[in-house]
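In the numbering used here, the protein residues as written are 1 to 263.
No residue lacks a Cβ here, since even glycine has one placed at the ideal position from N, Cα and C.
What follows is a short report on a single structure.
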């Protein structure tokens, strides 16, 4: 409801920011590749494990934490660039990492099966559906009817407290890792290196001002809680990833405050 209402009520030119999308996508791919390579080189992990670590170092908790928290802090405008950032994560990073993890485990992939499962996962994701619906509504030039606008406002106000509950429940089920060094590496890469990469690449792409700040703060979010589910689905390093989610979430209390102060 929060994503749809903010995008649907935004001017069409805001949701057509192709340069912003390309800049962030480039930063995300660069950071993902770098993190994957470091995991392969430093920890001696196989292809699948390295891809998961690369995803954990770049895929942040924007949907359940970043958008509700930063919207309450900075204002509702920030939901628009963060929604576009989240879209890149969901339709680019997660599918790419999933393909690499399956490829690494099987040595080859069933292309038709992979494509159908990834498309289904994207289409059925309520965050993607909300973003797509909001963008299409905005591009059509319509305004939300007053009853719909009031209903989405009421629902969106529940985003922040619900997000806190979801994050807490996820952390409560986190499993300890027998390889804490990897969890610590993921946490520091996600909270420090990735925001720096996003800030630098967007600057090179000519993106300045509020949207550059919004994307950088989105990148500074802790590792996404859903990573534990992804790791369990692929049966790869679920302990390390769960611990990285826990560590990065705790550290983000300090690092995110610092990033907000600086930016």
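Review point. When the Cα atoms are used, what is the spatial distance from residue 126 to residue 2?
Key: One C-alpha to the other measures close to 12 Å.
Review point. Around the Cβ of residue 235, are there at least 16 other Cβ atoms within 10 angstroms (buried) or fewer (exposed)?
Key: Residue 235 comes out exposed.
Practice item. Excluding the 5 residues preceding and the 5 following residue 194 in the sequence, name in chain order all residues of the same chain whose CB lies nearer than 7 Å to its CB. Key: 31, 57, 58 and 219
Check your understanding: Under a three-way DSSP split, which group does residue 141 fall into?
Key -> coil
Review point. What's the gap between the Cα of residue 150 and the Cα of residue 256?
Key: 31 Å
**Study point:** CB contact check: residue 39 to chain D, cutoff 7 Å
**Key:** Absence of chain D from the displayed structure is noted, only one protein chain being present.
**Study point:** Contact check, residue 197 vs residue 27, beta carbons under 7 Å
**Key:** yes
Practice item. Kindly indicate which residue of 227, 258, 232 and 254 has the alpha-carbon position closest to the one of residue 61. Key: 227
Exercise for review: Assign residue 204 to one of two classes, buried (16 or more other C-beta atoms within 10 Å of its C-beta) or exposed (fewer than that).
Suggested key: exposed
Review point. So what does DSSP say about residue 225, is it helix, strand or coil?
Key: coil
Check your understanding: For the stretch 209-219 against the stretch 37-55, are there 3 or more C-beta pairs whose distance is under 8 Å?
Key -> no
Review point. With DSSP run on the structure shown, which of helix, strand or coil describes residue 63?
Key: helix
**Study point:** Residue range of the unbroken alpha helix (DSSP H) whose run includes residue 6
**Key:** 2-8
Practice item. Note down, one range per segment and in chain order, each alpha helix (DSSP H) of at least 4 residues found wholly within the stretch 46-90. Key: Here the runs fully enclosed are 47-56, 67-74 and 79-88.
Exercise for review: For the alpha helix (DSSP H) containing residue 240, list its first residue and its last residue.
Suggested key: 238-262
Exercise for review: Give me the Cα-Cα distance between residue 77 and residue 140, rounded to the nearest whole angstrom.
Suggested key: Spanning the alpha carbons of residue 77 and residue 140 requires a straight line of approximately 20 Å.
Practice item. Could you pull the start and end residues of the alpha helix (DSSP H) that residue 24 belongs to? Key: Annotation: the continuous alpha helix (DSSP H) that includes residue 24 extends over 18-42.
Practice item. Excluding the 5 residues preceding and the 5 following residue 9 in the sequence, name in chain order all residues of the same chain whose CB lies nearer than 7 Å to its CB. Key: 144
Check your understanding: residue 21: which of 84, 95 and 94 sits nearest, CA to CA?
Key -> Out of 84, 95 and 94, 84 has the C-alpha closest to the C-alpha of residue 21.
Check your understanding: Can you give the Cα-Cα distance for residue 33 and residue 252, rounded to whole angstroms?
Key -> 23 Å
Point to revise | For residue 213 and residue 6, the rounded distance between their alpha carbons | key: 18 Å
Check your understanding: How long is the line joining the alpha carbons of residue 103 and residue 97, rounded to whole angstroms?
Key -> 10 Å
Review point. Of all the options 158, 69, 254 and 93, which has the alpha carbon lying nearest to the alpha carbon of residue 188?
Key: If we check each option's Cα against that of residue 188, 254 comes out closest.
Check your understanding: If you compare alpha carbons, which of 53, 35, 55 and 67 is closest to residue 216?
Key -> The candidate whose alpha carbon is nearest that of residue 216 is 67.
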